[in-house]
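A.B. asks:
In the numbering used here, the protein residues as written are 1400 to 1514.
(1) What are the boundary residues of the alpha helix (DSSP H) that residue 1458 is part of?
(2) Provide the residue span of the alpha helix (DSSP H) that contains residue 1424, from first to last.
(3) I need the DSSP call for residue 1476, collapsed to helix, strand or coil.
(4) With burial defined as no fewer than 16 other Cβ atoms inside 10 Å of the residue's Cβ, what is the status of residue 1463: buried or exposed?
(5) Rounded to whole angstroms, what is the Cα-Cα separation between residue 1487 and residue 1497?
(6) Contact between the region 1496-1510 and the region 1440-1459: three or more CB pairs below 8 Å?
(7) At what residues does the alpha helix (DSSP H) containing residue 1455 begin and finish?
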């Protein structure tokens, strides 16, 4: 059975407030959903819209993960903040991946810790 999942990765080094963190996760989830093929959206929704939020140590790690995701041709979005509240404009805060097949995304993100 093929399972579908969306993965959101946030930078733990930014020490965002809970509200700001929640907003960045929401941006990443919606953005990567919109970047996904319609068929992937349907499959993901049919299987319960599974998602997980993981953490990256900092910018370097999140960019390395994004490079791997690009090479694997997975739908994704890199979130850069507008800079109106807690961080400078253009600060990368999160990476949204998928929805895509769980076994594929886990090959790249499976070693990351949950937030």
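Cβ coordinates follow ideal geometry from the N, Cα and C atoms, glycine included.
C.D. replies: Working from what's here:
(1) From DSSP, the alpha helix (DSSP H) with residue 1458 extends over 1458-1470.
(2) 1417-1434 is the span of the alpha helix (DSSP H), which, as asked, contains residue 1424.
(3) Annotated three-state conformation of residue 1476 is strand, per DSSP.
(4) Sixteen is the threshold: since fewer than 16 other Cβ atoms of the shown chains lie within 10 Å of the Cβ of residue 1463, the residue is exposed.
(5) Taking the CA atoms as reference points, residue 1487 sits about 27 Å from residue 1497.
(6) In this structure the region 1496-1510 touches the region 1440-1459; the number of beta carbon pairs closer than 8 Å is three or more.
(7) Residue range 1450-1455 is occupied by the beta strand (DSSP E) that includes residue 1455, with no alpha helix (DSSP H) assigned at that position.
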